[in-house]
Structures are given as C-alpha cells and as structure tokens.
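Notes to accompany the following structure.
Number of protein chains: 2
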Amino acid sequence: MQSDAMESPARDRLAVHTITTKPWGLAEAADRYAASGVSGMSVWVEAIEGMTNADVRSTLQNAGLQVPALVRGGFFCDRSDEERERRIDHNRRLIETAAEISAEMLVLVVGATPGEPLDRQRGWVRDGIEALITDANSHNVRLAIEPLHPMYAADKSCVNRMWDAREICESINDRMLGIAVDVYHTWWDPELESEIRLAGTQNTLFAFHICDWRVPTRDFLNDRGLMGDGCIDIRGIRRMVESAGFDGWNEVEIFSDEHWARDQQQFLNDIIERYADC
Amino acid sequence: MQSDAMESPARDRLAVHTITTKPWGLAEAADRYAASGVSGMSVWVEAIEGMTNADVRSTLQNAGLQVPALVRGGFFCDRSDEERERRIDHNRRLIETAAEISAEMLVLVVGATPGEPLDRQRGWVRDGIEALITDANSHNVRLAIEPLHPMYAADKSCVNRMWDAREICESINDRMLGIAVDVYHTWWDPELESEIRLAGTQNTLFAFHICDWRVPTRDFLNDRGLMGDGCIDIRGIRRMVESAGFDGWNEVEIFSDEHWARDQQQFLNDIIERYADC
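Here it is as structure tokens:
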C-alpha cells in the first residue's frame, strides 16, 4: 500500500545491494547496474571474495558507481571472550576494506547466540562496537547498526528494534555510529515513526533499505518481496526518514530464491520500475 | 536455557491445548490427557466442530478435566464495517460456547489485514472487544488478548507485543479483559519483564502459554518446539509471571508438523516429562 501526495524517490539515490542480484559476479553486476542507470552499489563481503580491494575499487570506479555500504560486519555475539575478540579484529579488517573500496559505511548485523539472555548479548555488541570506534573515525567509515526483525532474535541479531539500536548509539555517542533502517525488519513497529524522528535529531539515520514483506512469507530467510509485492507502506516510511532529515541512498536489498532464479536483468528492470513508486 | 533455583511447576496446573495433539479427536484427547494426569484442556474451536456444547461439556466433565480456555476468538480486522460486525457477532457466540463448556476464558487472536495501517487496525480491535465486554461479563467468561510475534503482523495479528495489548486493556479497563502471555510470541521482547510486572499490578495476567523456539525455525506456522528443544528461557519467564502474581494454568500449546506426525501418546509423555523442567 502506498501513501500518495509525495514524489517518486530521486533516481540518483537508487542503490542496489549485490546480494539482490546474487547470480551476477561483481564485475557483471557493476556493468549492468551502470548500464541500467543505477548510481549506487552496496557491496556484500561475499561478492568480493578472492578479489583485492584495489581491484574492487577500480571495478566500481570504472563503472561510475558509488558505494553506500560494505555489507555485513558485526556478529559480535559469542560466549567465548577470545572468539568475541577475533570477531572485533575481523570487523577492523572490514573497516579497512570499506575505506579501500570507498564505501561510506559498514553495516553491522550484530549477531545472536541461541539461549543466551538478549540483554547480556547487547552488552557484548556495545563493547564490540566501542572497540571499533577509533578505527571507524580514523578510516572515515561510518558504522550502521541494522536492527533485524524479531524473528531473527534467536541466532542472527539481538538488536530487533530501532529502540535497541538507539540505546547502543546513545551509550557510545560517536558521530560515526548510527542506524540502518530496513523496512523489512521495522515496518511492524508501533514506535517506528517516533524512533525515526528521534534518530533524525540524534544524526544517526545512516541508511534506508527497501524491499517488501510478502503475504504469506514462505521462508525465514530468502523470500523477501520486490517493492509493491507485499504489505509494507514503503512510501510512508520513506516520508518518515526524509522528514527526519535523511537524504542518503535508497538501497534495494532483496534476498529471494524466487527472484534469484529469474533472468537478473529483467529483475533489475523491475526493481527500477517499482522504485519509482517507493 | 533454564533458570535454576526455582521449583518445577505444579503438576496440577498443567493444561494442554487440543491443537497440540491435533490428530486426536476431542474424546480421545480427553481420555488420554486424563489418563496421563493432565488436569486441564484448552479447547480449540476446530476440535469441537460438529459437537453440541452439551456433548463437549459432558466429555470434559466425565474425564475430570478443567478448561482454562476456548481458543481462538478475535479476528476483528477487516476493511468492511459489515464484516467486522459479523465477526463481533461470531465472538458473541464463542463467548456463549465458552460459558456452556465451562471454559474460564476466550483467547483472542486479534487478526490483521495486509496493507492496512496497524494502528488503524488496533482501533478496530479495541472497538470489537468493547462491543463484547457486556457479554463477557454476563457470561462470566474472561477475554484474553494474545499478542502474536511480529512475524505475524501482516495477516494474523496487529497486536504484537504486550505493550500493544496493554494499551487496549487500559483503554477498555474492565476486569474481564486481560492478556495471554505466550513465550513463543514474547520471549524476544526487551520490555517483557516490565510489561509482565505491570500486567500483574493491573490484574490482566490471564494466561501463560508455553512451548519453545526452535533454532532454526523451519516454518512460519507449524514448527514450534517442545519445551527444552529451543532457545527460550521458559523457567525465567515463568518466574516473571509468578512474581507478578499469576497462579493460573501453564498451558502447553505446540503447533508442529513434526510432532503431529509422531505417536501422540509418546508426544504427550514427552510434554509431561519436559514440563517438570519448565
């Protein structure tokens, strides 16, 4: 469902996550996005495995693409102190990578360990991010905490609402730390609008991710909908973030076995067409 | 994960929902529960289709079973005024049924219409429940709003946290209206403990439903876990509700294709065994 009386989103603010067109390698995705008039590409770690950062950077530069984000860092949660340290070190390397490929930010999916109290785990997340803040500043790479839907609370993210993310941002209080708002994870939250407004005043609205929630959703991970194929009022949420001062990228991030099985150029064309109604 | 330093739940407070042992008809379920020492049976509407209320009542009485709840009423959400009225009328009949089979309460799954703003829908729910409150009082049947997990926000329930349910309870403010706390839907909520405490002071803690959250969960509807097979700290949440003054039934409500495919007596034996650790 869409809210009207609002213009289509700026075409030059459209970015697509590489995972969205997973069957394409980085070079092909870069060429296709550029040829289709997509200005931004958020790069998943999996998409650049085996490449040097210099090669990634030149591939993207040659295509004329900007890079909103390197996706995904985080995963701070583990019962072992040593393992948590290893993960923080891994995030340090991801911050370097983000800087070297000219990504504006590193998106943090914070992780979760089944059976461990979630508030204790959010403490691990807080500590992990705090340990990275100097690196983020020195490399000029912003860190964006992405709250994941509560259906991922057991094993993927102990941060499930903007409220939880804000608590961590307020605790660390650094201009390089903010929030990635994904409509898929947050649309149901009665406090979404007030939290977005608050994030605007706190300068923590770093990213806006779009897709749709299919009814029914057939799979926990890979059944996200193309915008317009589900129940999310994407335009209404875009109004919220823009009213709160957000003027960054509209990033399309769709995990979908159904769409990955399609011709990816046709899928990309559909994304661009549907984007106009977001 | 279990919190220790707390006793096993009272054996005579164990109830099982008929849906848990779906392959059994009502009469067989009643006999089996009673023979296994289960004191309570929450009765699903689907389990008594085609039976008179008098037959249901005598079946349960002959087995010596008490009836915590008739499950499920609600489903108040529809864009059509007429349809919403029809649903309210249907709930009136369910309240009568609950009274006639001696169920203490009617559980309300409030419903959701994809694409309609959730706050507007919660208004429909509030109005629907308000229209039923006189009936609930005159039949001495309590109404328990059951918040469902946010993964059901699109098409099953626009009430997804205890917070949302409390708002409706406070608005109507009647001693016959309260909340059914199901660990499956609420375990992830950072405000669960404070909301349970508040519900205790407001005398709205009407029901406590238990099962577990499997990791991974393989299906949106029918993959709930037997207690102990997932990540929920059931004993910790039981401590919360009991500390808040709850002394009602511990109701086992499991939807599971896997368990429904098993020998149901063996499954019931497992439920009873695992209950001791809840």
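Read top to bottom, the protein sequences are chains A and B. Quick note on numbering: the first sequence equals residues 76 to 353 in my numbering. Quick note on numbering: the second sequence equals residues 76 to 353 in my numbering. Glycine is no exception: its CB is placed at the ideal position from the N, C-alpha and C atoms.
Check, Outcome
"Taking one C-beta from the stretch 281 to 292 of chain A and one from the stretch 230 to 248 of chain A each time, how about it: are there three or more such pairs within less than 8 Å?", "no"
"Taking only beta-carbon atoms, is B:C353 less than 8 Å away from chain A?", "no"
"Which residues in the same chain as A:G203 place their Cβ atom closer than 6 Å to its Cβ, once the five residues preceding and following it in sequence are excluded?", "F151, I163"
"Taking the alpha-carbon of B:D156 as reference, which of B:R167, B:L183, B:Q196, B:G139 has the nearest alpha-carbon?", "B:Q196"
"Looking at B:V316: is its Cβ nearer than 8 Å to the Cβ of B:I285?", "no"
"Just the chain B side, please: which residues come within less than 7 Å of A:V200 by C-beta, in chain order?", "Simply none; closest approach about 13 Å."
"Excluding five sequence neighbours on each side, which residues of the same chain lie with their C-beta closer than 6 Å to the C-beta of B:M76?", "At B:M76 the pLDDT is 44, less than 50, meaning the model places this residue with poor confidence and gives no usable figure here."
"Among A:N128, A:E124, A:L140, whose alpha-carbon lies nearest the alpha-carbon of A:S117?", "A:L140"
"Please list, in chain order, the chain B residues whose beta carbon lies closer than 9 Å to that of A:D239.", "P265"
"In terms of alpha-carbon separation, which member of A:E171, A:G320, A:H260 lies closest to A:V184?", "A:H260"
"Would you check if the distance between the CB atom of B:I312 and the CB atom of B:D249 is smaller than 8 Å?", "no"
"How big is the Cα-Cα spacing for A:L296 and B:F295?", "11 Å"
"Is it buried or exposed for A:A187, if we count other Cβ within 10 angstroms and need 16 for buried?", "buried"
"Would you tell me roughly how many angstroms separate the C-alpha atoms of B:R132 and B:D210, rounded to the nearest one?", "20 Å"
"In its own chain, which residues sit with a C-beta less than 8 Å from the C-beta of A:T345, not counting the 5 before and 5 after it?", "Reading off the sequence shown, one finds Asp at residue 345 of chain A, where the question assumed Thr. Hits under 8 Å: L301."
"For the structure I just gave you, are there three or more beta carbon pairs, one from the stretch 267 to 278 of chain B and one from the stretch 211 to 231 of chain A, closer than 8 Å?", "no"
"Indicate whether A:L169 and A:G148 have their beta-carbon atoms separated by less than 8 Å.", "yes"
"Among residues of its own chain, excluding the 5 on either side of A:N128, which ones have a beta-carbon nearer than 7 Å to its beta-carbon?", "T172, E175, I176"
"So if I threshold CB-CB distances at 7 Å, which residues from the stretch 123 to 157 of chain A count as touching chain B?", "none"
"Mind checking if B:A229 is an interface residue toward chain A, Cβ cutoff 8 Å exclusive?", "yes"
"Distance, Cα to Cα, A:E191 vs B:W263?", "11 Å"
"Name the chain A residues whose beta carbon is nearer than 7 Å to that of B:L301?", "Those within 7 Å of B:L301 in chain A number zero; the least Cβ separation is about 15 Å."
"Would you tell me roughly how many angstroms separate the C-alpha atoms of A:D338 and A:T96, rounded to the nearest one?", "10 Å"
"Using a Cβ-Cβ distance cut-off of 8 Å, determine whether B:G190 contacts chain A.", "yes"
"Is the CB of B:V292 under 8 Å away from at least one CB in chain A?", "What sits at residue 292 of chain B in the sequence shown is Thr, not Val. At least one chain A Cβ lies under 8 Å of B:T292."
"For chain B, find out if any of its Cβ atoms is closer than 8 Å to the Cβ of A:D194; answer yes or no.", "yes"
"Beta carbons nearer than 9 Å to chain B: which residues of the stretch 90 to 117 of chain A have them?", "none"
"Going by CA-CA distance only, name the one from A:G115, A:E205, A:P189 that's closest to A:R154.", "A:P189"
"Starting from B:Q340, follow its DSSP beta bridges and name the residues at the other end.", "Per DSSP, none; premise fails for B:Q340."
"As a quick exercise: from B:A240, B:S318, B:Y108, B:L145, pick the residue whose alpha carbon is nearest that of B:L89.", "B:Y108"
"Which value, in whole angstroms, describes the spacing of the CA atoms of B:T279 and A:A255?", "36 Å"
"Identify the continuous beta strand (DSSP E) that holds B:A178 and give its terminal residues.", "178 to 184"
"How many Å lie between A:E160 and A:Q340 at the Cα?", "41 Å"
"Distance check for B:R310 and A:F330, CA to CA, integer angstroms please.", "36 Å"
"Below 8 Å on the Cβ atoms is my contact criterion, and I expect A:A144 with A:A102 to pass it. Report the Cβ-Cβ distance as a whole number of Å.", "Wrong, their Cβ atoms sit about 19 Å apart, outside the cutoff."
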